[in-house]
Amino acid sequence: MTDSQVSTVSSGAILGTNPVAPAPAGARTAAEVVTPEVIARLTRGVVGSGRTANHTPFTGEKLADLPESTPQDVATAFERARAAQPLWAAIPVRTRAAVLLRFHDLVLERQAEVLDLIQLETGKARPHAHEEVQAVAVAARHYGRRAASYLRPRRHTGVLPMLTKVTELRQPRGVIGQIAPWNYPLELSAGDALPAFVSGNAVVMKPDTETALTALWARELLIEAGLPAEVFQVVIGEGPVVGPEVVRHADYVSFTGSTGTGRQVAQGAAARLVGVSLELGGKNAMLVLEDADVEKAAAGAVRACFSSAGQLCISIERLYVHDSVADDFVRRFAERTRAMRLGNSLTYGADMGSLVGERQLETVTRHVAEAVEKGATLVAGGVARPDIGPLFYEPTILDGVREPMAVCEEETFGPVVSIYRFSDEDEAVRLVNATPYGLNSSVWTRDGKRGHRIAARLRTGTVNINEGYAPAYGSVQSPMGGMKDSGLGRRHGSEGILKYTEAQTVAQQRLVPLAPSFGMDDERHAALMSAGLKAMKAFRLR
1 MTDSQVSTVS SGAILGTNPV APAPAGARTA AEVVTPEVIA RLTRGVVGSG RTANHTPFTG
61 EKLADLPEST PQDVATAFER ARAAQPLWAA IPVRTRAAVL LRFHDLVLER QAEVLDLIQL
121 ETGKARPHAH EEVQAVAVAA RHYGRRAASY LRPRRHTGVL PMLTKVTELR QPRGVIGQIA
181 PWNYPLELSA GDALPAFVSG NAVVMKPDTE TALTALWARE LLIEAGLPAE VFQVVIGEGP
241 VVGPEVVRHA DYVSFTGSTG TGRQVAQGAA ARLVGVSLEL GGKNAMLVLE DADVEKAAAG
301 AVRACFSSAG QLCISIERLY VHDSVADDFV RRFAERTRAM RLGNSLTYGA DMGSLVGERQ
361 LETVTRHVAE AVEKGATLVA GGVARPDIGP LFYEPTILDG VREPMAVCEE ETFGPVVSIY
421 RFSDEDEAVR LVNATPYGLN SSVWTRDGKR GHRIAARLRT GTVNINEGYA PAYGSVQSPM
481 GGMKDSGLGR RHGSEGILKY TEAQTVAQQR LVPLAPSFGM DDERHAALMS AGLKAMKAFR
541 LR
């Protein structure tokens, strides 16, 4: 660690080089945002007979006392949701979709409220909190406009064309159990629930306790937009206690979180023969090819690696750079990284916020310290910033990382990225794919055709060309999810709504039965059917 990277104050505390974004005069405080009236309003209707609390990462102080749900409380929430769901499903889909469109407008009109909550509960910088507002608004608009088309009855060719009328219907599954994580508490709670609601389901959601207020704010707005309150139940409590109870009662489970917990959720759902969708961990990679615009790639790497302090499932942790441009890229990337402003105020102005908890800070600290001890070079960051808040850590770039350093293969889920150099395109593709994960990747090149060719070789659910993650994730008509250990199923697009439904085939036979008739015996009927099958192939019927 060089003098240019850190400075030592007289107290002996080490402070990094990243500047602190000044808090403007009149900036709101936690006490002004999370008042007793707000807590009472948001927690109204939560099924919980115990008490728990959440805290803000900015200071570690308590934000709110919250209801805590017991296993019996979870059962009660499912009973309420199951009783309300048939009436909701009986409402025409376009009427249900109108709720989403009204919700879209309310979110944008009252975004300042939820931006404050997201920041206080996650420690994010405000621009990264606004990414959640954008994502939820886009999802609400998309499913508000397209749900009727996705869910409409579809005609199919019957076994005897014109004599067999076949219709495919989409029936809601019933009550969806949703387990939402802490890192994107608006987008990964409301955003995933919207297609479940519009397809006629009720939802029992378990948000992370530390970010429950954001999810409860979304519930309040959905009810204001016209969603029946009983259709959206929220339960709060420790994951190992409440999570399995949600899985035990649900007709379908939506889970976002770690791969280890995802396996447990999948096993619990499989034992009951109910479906699951799982978005799990990642060790996402970015490729900077020799023909990339290095300045744009360096700027894009800052966004890709350090949004939400790296606590984004699809953020980049591995950065592969071609030998011919590596030195230039690392220099530009490091300059931009060291210039990022850290801050904890409820305003715009900071480029990065805080980690969310002690566990994240411990992992980040351990990965960086071990890598440096084993020979990696610290290019930028590598320093905690308790002068700003207890969980702040500077955006960090490591060079010369190699196995068996933990940062090579373990998901850090923090503001840490490792640089790797390569000389051959095939080698780079192999390295990107050499991980059990397969969530997101990024390719930077001036040649769009080459970028698409490489993208098709990468085993990740999404690939972004000349950007880190936002184009693929924000294109909500297209599916988003992981390959390999990064999950099952997809959100967004048709798959993101149809997974919350059961396909039902209704076939009506007309005029003649599918059996010998008009005096035919079995042999003549078989010959007639064989001739008909040959004719249907000749006429190219599908």
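For what it's worth, UniProt numbering labels the leading residue of the sequence shown as 1, then goes sequentially.
Glycine included, every Cβ here is placed at the ideal spot set by N, Cα and C.
Note that the coordinates shown come from a computational prediction; the quantities given were computed from them, not determined experimentally.
In the displayed model, Arg170 falls within a strand according to three-state DSSP.
The Cβ atoms of Arg446 and Asp328 do not sit closer than 9 angstroms to each other. By the Cβ neighbour-count rule, Pro395 is buried, with 16 or more other Cβ atoms within 10 Å of its own. Contact between Met483 and Arg490 is ruled out by a C-beta separation of about 11 angstroms, above the 8 angstroms threshold. Counted as a single uninterrupted DSSP element, the beta strand (DSSP E) harbouring Ile316 occupies residues 316-322. Bounds of the beta strand (DSSP E) holding Leu378 are 377-380. Here His492 is buried. Its C-beta has 16 or more other C-beta atoms within 10 Å. In this structure Asp208 is buried. Its beta-carbon is surrounded by 16 or more other beta-carbon atoms within 10 angstroms. In this structure, the straight-line span from the alpha carbon of Glu32 to that of Val38 is close to 10 angstroms. Val432 carries a helical assignment under DSSP once its states are collapsed to helix, strand and coil. With three or more CB-CB distances shorter than 8 angstroms, the segment 280-297 counts as touching the segment 306-326. Going by beta carbons, Tyr143 and Leu222 fall outside the 9 angstroms limit.
Residue range 284-288 is occupied by the beta strand (DSSP E) that includes Met286, with no alpha helix (DSSP H) assigned at that position. For Arg154, there is no enclosing alpha helix (DSSP H); the enclosing beta strand (DSSP E) has its first and last residue at 154-157. Checking the DSSP bridge columns, you'll see Gln178 partnered with Met205, Ser254. Put simply, the backbone Cα of Thr164 is about 14 angstroms away from that of Gly532.
The alpha-carbon separation between Val235 and Ala40 amounts to approximately 15 angstroms. The C-beta of Val443 has 16 or more other C-beta atoms within 10 Å across all chains shown, which makes the residue buried.
Of all alpha-carbon atoms in Pro36, Val47, Pro161, Gly300, the one lying nearest the alpha-carbon of Lys537 is that of Pro161. Rounded to whole angstroms, the gap between the alpha carbons of Ala212 and Arg542 is 50 angstroms.
Here Glu502 is bridged, per DSSP, to Gln171. DSSP places Leu533 in the helix class (H, G or I) of the three-state scheme. At a Cβ-Cβ threshold of 9 angstroms, Tyr150 and Arg173 do not count as neighbours. Non-local C-beta neighbours of Gly200 in its own chain, meaning closer than 6 angstroms and more than five positions away in sequence, comprise Ala89, Pro172, ordered along the chain. Contact fails between the segment 447-457 and the segment 395-404, because fewer than three Cβ pairs, one in each stretch, are under 8 angstroms apart. In this structure, DSSP gives Ala507 an extended state, which the three-state scheme calls strand.
Fewer than three Cβ pairs drawn from the segment 90-106 and the segment 264-276 lie within less than 8 angstroms of each other, which leaves the two stretches out of contact.
Counted as a single uninterrupted DSSP element, the beta strand (DSSP E) harbouring Lys62 occupies residues 62-68. Burial check for Asp522: the Cβ neighbour count within 10 Å stays below 16, so the residue is exposed. Short of 8 angstroms from the beta carbon of Gly226, and not among the five residues preceding or following it, lie these beta carbons of its own chain, in chain order: Ala98, Val99, Arg102.
Contiguous alpha helix (DSSP H) elements confined to the segment 9-63 occur at 30-33, 36-43, taking only those with 4 or more residues.
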